[in-house]
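Chains as they are written, first to last, in numbering that gives the first Met the number 0: chain A, 0 to 451; chain B, 0 to 451.
Backbone N, C-alpha and C define an ideal beta-carbon position, used for all residues, glycine too.
2 protein chains.
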Amino acid sequence: MERIKPRTLSGFMELLPPRQQQMERIMAILRRTYGLYGFTPLDTPLIESSEVLLAKGGGDTEKQIYRFTKGDADLSLRFDLTVPLAKYVALHYNELVFPFRRYQIGKVYRGERAQRGRFREFYQADIDVIGDGKLDILNEAEIPAIIYETFTALGLRRFCIRVNNRKILNGFYAMLSLADKSGEIMRTVDKLDKIGAEKVRALLTDECALSPAQSDEILRFIAISGDNDTVLRALDGYAGRNEIFDAGLAELKAVTAHLAAFGVPAENFAVDLTIARGLDYYTGTVYETTLTDHPEIGSVCSGGRYDNLAEYYTDRQLPGVGISIGLTRLFYVLSEQGLLNDALPSAPADVLILPMTENVGAAASLATQLRRAGLRTQLYTEGKKFKAKMSYADKLGVPYVVFLGEDEIAKGEISCKDMSSGEQITAPLDAVAAQIKAGLARKNSGAVILEK
Amino acid sequence: MERIKPRTLSGFMELLPPRQQQMERIMAILRRTYGLYGFTPLDTPLIESSEVLLAKGGGDTEKQIYRFTKGDADLSLRFDLTVPLAKYVALHYNELVFPFRRYQIGKVYRGERAQRGRFREFYQADIDVIGDGKLDILNEAEIPAIIYETFTALGLRRFCIRVNNRKILNGFYAMLSLADKSGEIMRTVDKLDKIGAEKVRALLTDECALSPAQSDEILRFIAISGDNDTVLRALDGYAGRNEIFDAGLAELKAVTAHLAAFGVPAENFAVDLTIARGLDYYTGTVYETTLTDHPEIGSVCSGGRYDNLAEYYTDRQLPGVGISIGLTRLFYVLSEQGLLNDALPSAPADVLILPMTENVGAAASLATQLRRAGLRTQLYTEGKKFKAKMSYADKLGVPYVVFLGEDEIAKGEISCKDMSSGEQITAPLDAVAAQIKAGLARKNSGAVILEK
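In structure tokens:
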């Protein structure tokens with residue numbers, strides 16, 4: 000028979016079992032944390048009608064979309080989870096309760112140029128709160144808490160949730176009579192981290208045609224930093240000159256007011272006036288999250304407030320606030336940086352039973368009992384030599400191996416070896432199961448991400 | 000602005016939040032049960048190169064495949080989880096340990112004719128054990144236990160795991176010198192449940208051109224039924240006439256030998272000689288699972304033994320055994336039949352906090368504490384009247400509402416209402432949290448599927 004060479008498409012992540020177990024741990028933590036904040040899980044189709052999915056029109060991403068026909072239907076794979084959410088909320092509006100809080104962890108597709116660390120199929124893990132007509136600023140204030148709890152639950156400590164407000168930026172540029180250039184200016188200012196203040200100033204004067212005074216004013220403004228009180232006091236100095244600015248400042252104050260009550264430590268939060276995020280979508284608070292030791296990764300959790308989720312589908316005003324984690328890319332980077340905790344058990348089973356007798360009935364029965372006690376148990380099935388069986392246990396990385404021979408069966412006991420310590424005990428099943436559970440609790444106690 | 004009418008494609012399941020919560024419960028149970036049996040989770044791309052995915056050639060399903068080009072690439076959406084598994088095992092052979100046990104719960108795509116209850120995007124929930132060169136019959140013997148535990152964990156009691164062995168069928172037809180017609184005969188016999196014995200006999204003589212004696216012999220054979228011992232004794236009467244038959248009978252005996260040890264009650268298991276499953280893929284034990292009260296649904300969990308998983312990709316002999324649950328269709332049918340347990344909480348949160356004061360700091364702080372105690376907590380954020388807030392809680396179906404007013408804050412207490420009983424208590428947080436947890440354990444104790 001002619002063989003086809005098996006391969007996985009470039010830009011598509013396919014993990015080996017131990018890595019996949021780490022990914023599963025991360026996803027379980029995201030589901031749990033998002034759930035703790037009262038978000039309901041959603042699952043929407045990977046495929047939508049192109050007319051619906053591309054209602055907004057393409058923009059930069061249109062070329063990247065996987066679009067095809069099937070019969071008469073013009074179809075596209077979703078490229079984010081926001082457009083499907085907009086469709087979902089508009090379509091099921093009458094059956095939903097607002098504010099509507101949902102999370103979704105799902106794959107999205109973008110046919111980007113293939114390069115290392117860039118994915119064409121990747122998971123996004125999103126939460127959004129959607130209001131009907133109005134949505135209180137308190138929702139924006141709660142978002143940093145969700146980010147904090149999520150990253151803390153994953154094991155991260157050294158990260159910063161950076162927050163800004165688009166109204167502050169828009170109001171500020173309006174004060175300088177630069178409202179019509181604000182988009183261009185924000186794109187330039189966004190390069191600050193990469194190219195430094197001097198080059199930004201040069202771009203502002205040369206390419207944006209600002210006066211040196213305007214450029215200086217902008218650089219002075221975005222340089223405002225320090226703890227929340229310091230930044231807010233500095234911003235107070237601009238108050239009273241522009242309504243939009245004042246509204247944004249009030250919102251920023253509301254967002255920062257309850258950080259401690261929401262459990263967000265000061266060291267994990269910063270007002271950062273350089274953050275703008277996209278240009279036509281966000282209208283209020285915007286968020287970015289950076290890993291302190293890995294600024295080169297960029298933001299690992301971003302989002303913001305928007306005024307009109309579903310304007311392409313409905314007349315209803317549906318304001319919202321949401322954040323998104325680019326999970327596949329984050330996982331890739333954590334893996335590359337060696338930040339995933341490889342000490343956590345990643346074997347398919349907690350216990351591998353090696354039957355040492357011809358008749359496997361007793362071993363099958365033991366497997367059933369261990370499983371009913373909640374232990375993930377594999378019964379070794381192949382008629383191999385003892386050495387080959389132990390080598391299998393080793394390669395699998397299974398934490399415990401249980402031996403069941405005539406002696407043990409006669410005595411009503413089992414023998415169990417802790418594969419990391421080498422320690423072996425022979426005791427009745429209940430005692431062994433209890434010891435295994437205690438050991439597993441220890442072995443599983445670490446976080447899935449380990450900072451160095 | 001011109002609006003696009005929002006819609007979801009026909010044949011694509013998109014659930015409202017309470018139903019989605021039920022689906023999540025089912026998926027969590029599948030993950031847990033599959034995990035208990037030592038299967039490792041896998042996640043493979045939705046898209047594969049058409050050359051790889053269609054290596055086997057199309058057959059009946061080729062027309063149904065979503066196939067398209069992107070740039071130069073000829074791509075297809077996966078139509079099952081078995082072909083991607085074959086590719087995965089062939090591609091990563093050197094990095095895997097055999098027997099390799101994996102589960103995968105993922106969406107697959109088939110562009111079938113749209114009709115009620117038929118899905119073009121649907122979840123399959125598969126487990127497979129793959130051997131390297133050989134795979135012991137014990138793996139086939141363990142499969143009924145996995146099916147039993149899975150369906151029991153979902154809440155089902157009245158189901159039957161029906162098992163047969165392809166070698167028994169092939170050997171039997173060889174005895175009748177009908178080996179070359181066995182495919183045709185099995186397809187005809189497969190209609191027994193639908194059209195009855197008389198019509199099957201007519202088809203066998205008219206369309207398959209069998210003699211009346213041969214047809215009678217076949218109908219007598221497939222009518223063999225009863226408990227395992229009875230069936231095996233009847234099959235013993237055919238032994239010694241054909242090697243393949245004898246091998247199949249030995250396998251069937253091995254599969255039934257340890258059912259009790261594997262925890263499968265006799266009433267949930269039957270040898271059923273009418274089961275054949277597909278024609279060119281399975282080579283040994285085959286499985287179907289039917290709901291006793293809903294035979295019209297057909298099999299809800301099927302699979303079997305195969306000798307060569309990845310023959311299109313590799314020379315290596317990779318035998319395996321696997322089963323698959325068509326999850327989306329099962330969920331649809333359960334929902335249609337009213338078998339999903341709507342009494343289980345399906346709200347996004349366990350607790351909804353209604354702040355009754357201007358300053359929401361205390362409420363935010365309470366939310367943080369409840370979440371850290373493990374309670375899924377939503378802080379109500381909107382400035383609405385009390386009645387509107389309670390109506391929101393009602394519509395959401397949230398089990399507990401917590402009120403936090405000046406009185407409670409002053410006394411260091413909170414007031415909590417059980418929304419189903421109407422009972423209300425005012426007590427310190429720890430006491431309330433403990434009571435909520437006890438109540439939730441009760442409310443969540445039922446199974447997700449309720450037989451009538």
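Problem - Residue from A:Ala89, A:Leu153, A:Thr380, A:Thr43 whose Cα sits closest to the Cα of Arg315 of chain A - result: A:Ala89
Practice task
Under 6 angstroms Cβ to Cβ from Thr255 of chain B, same chain only, skipping five residues before and after it: list those, please.
Solution key: Asn227
Handout entry: Pro16 of chain B versus Ala348 of chain B - alpha carbon distance
Key = 12 angstroms
Practice task
Decide if Gly37 of chain B is buried, meaning its Cβ has at least 16 other Cβ atoms within 10 Å, or exposed.
Solution key: buried
Exercise for the section: Would you check if the stretch 25 to 44 of chain A and the stretch 331 to 343 of chain B touch, i.e. whether three or more CB-CB distances between them fall below 8 angstroms? Expected result: no
Problem - Lys190 of chain A (DSSP reduced to helix, strand or coil) - result: coil
Handout entry: Asp131 of chain A and Leu317 of chain A closer than 9 angstroms at C-beta
Key = yes
Exercise for the section: Output the distance between the C-alpha atoms of Val350 of chain B and Ala85 of chain A, rounded to the nearest integer angstrom. Expected result: 27 angstroms
Practice task
Following the continuous beta strand (DSSP E) through Ile408 of chain B, name the residue where it begins and the one where it ends.
Solution key: Premise fails: Ile408 of chain B lies in the alpha helix (DSSP H), 405 to 410, not in any beta strand (DSSP E).
Practice task
Output the boundary residues of the beta strand (DSSP E) element that contains Ala35 of chain A.
Solution key: Note on residue identity: the sequence assigns Leu, not Ala, to residue 35 of chain A. First-last for Leu35 of chain A: 16 to 35, but that is the alpha helix (DSSP H), not the beta strand (DSSP E).
Problem - Distance between beta carbons of Ala144 of chain B and Phe67 of chain B, contact taken as under 8 angstroms - result: Contact flag wrong, Cβ pair sits at about 41 angstroms.
Problem - Limits of the unbroken beta strand (DSSP E) element including Gly262 of chain B - result: Note, Gly262 of chain B: premise wrong, no beta strand (DSSP E); not H, not E.
Handout entry: Thr60 of chain A burial status per 10 Å Cβ neighbour count (16 or more: buried)
Key = exposed
Practice task
Would you kindly check if the distance between the Cβ of Glu287 of chain A and the Cβ of Ile274 of chain A is under 9 angstroms?
Solution key: yes
Practice task
Entirely within the stretch 104 to 173 of chain A and at least 3 residues each: give me those beta strand (DSSP E) ranges in chain order.
Solution key: 120 to 129, 158 to 164
Exercise for the section: Would you kindly work out how many angstroms separate the C-alpha atoms of Ser48 of chain B and Ser9 of chain A, rounded to a whole number? Expected result: 10 angstroms
Handout entry: Unbroken alpha helix (DSSP H) run spanning Phe220 of chain A, endpoints
Key = 211 to 221
Exercise for the section: Report yes if the C-beta distance between Lys325 of chain B and Tyr305 of chain B is below 9 angstroms; otherwise report no. Expected result: One point to set straight first is that residue 325 of chain B is Gly, not Lys, in the sequence displayed. Not closer than 9 angstroms, so no.
Practice task
To the nearest angstrom, report how far apart Ala238 of chain B and Phe171 of chain B are at their CA atoms.
Solution key: 10 angstroms
Problem - Selection of the stretch 344 to 370 of chain B by Cβ proximity to chain A, strictly under 7 angstroms - result: Pro347, Ala348, Val359, Gly360, Ala363, Ser364, Thr367, Arg370
Practice task
Please look up how many angstroms separate the CB atoms of Glu13 of chain B and Thr43 of chain A, rounded, as I've assumed it's under 8 angstroms.
Solution key: 6 angstroms
Practice task
Kindly indicate which residue of A:Asp205, A:Thr327, A:Asp417, A:Tyr65 has the alpha-carbon position closest to the one of Gly116 of chain A.
Solution key: A:Thr327
Practice task
Starting from Lys416 of chain A, follow the beta strand (DSSP E) in both directions and report where the run begins and ends.
Solution key: 413 to 417
Problem - Residue interval of the beta strand (DSSP E) (run including Ala426 of chain B) - result: 423 to 426
Practice task
Below 7 angstroms CB to CB, which residues in the same chain sit around Ala362 of chain B once its five sequence neighbours on both sides are set aside?
Solution key: Ile352, Pro354, Leu378, Leu403
Handout entry: Rounded C-alpha distance that separates Asp73 of chain B from Glu50 of chain B
Key = 8 angstroms
Practice task
For Lys190 of chain B, count neighbouring Cβ atoms within 10 angstroms of its own Cβ and tell me buried if that reaches 16, exposed if not.
Solution key: exposed
Practice task
With 7 angstroms as the C-beta to C-beta threshold (strictly closer), list the residues of the stretch 377 to 390 of chain A near chain B in chain order.
Solution key: Gln377, Leu378, Thr380, Glu381, Gly382
Handout entry: Interface flag, Gly239 of chain B vs chain A, CB-CB below 9 angstroms
Key = no
Practice task
Hey, could you find the ends of the alpha helix (DSSP H) Thr289 of chain A is sitting in?
Solution key: Taken as a continuous stretch (DSSP letters only), Thr289 of chain A belongs to no alpha helix (DSSP H), being part of the beta strand (DSSP E) at 281 to 290.
Exercise for the section: Tell me, to the nearest whole angstrom, how far the beta carbon of Gly154 of chain A is from that of Ala446 of chain A; I am working on the premise that it is less than 8 angstroms. Expected result: 2 angstroms
Handout entry: Where Gln63 of chain A sits in the DSSP three-state scheme
Key = helix
Handout entry: Same chain, Cβ closer than 8 angstroms to Ala196 of chain B, five either side skipped, listed in chain order
Key = Leu218, Ala222
Problem - Identity of the residues DSSP links to Ser224 of chain B by a beta bridge - result: Answer is none; Ser224 of chain B lacks a bridge partner.
Practice task
Would you mind reading off the limits of the beta strand (DSSP E) that contains Ser75 of chain A?
Solution key: 72 to 76
Handout entry: Cβ-based burial, Ile126 of chain B [other Cβ within 10 Å; buried from 16]
Key = buried
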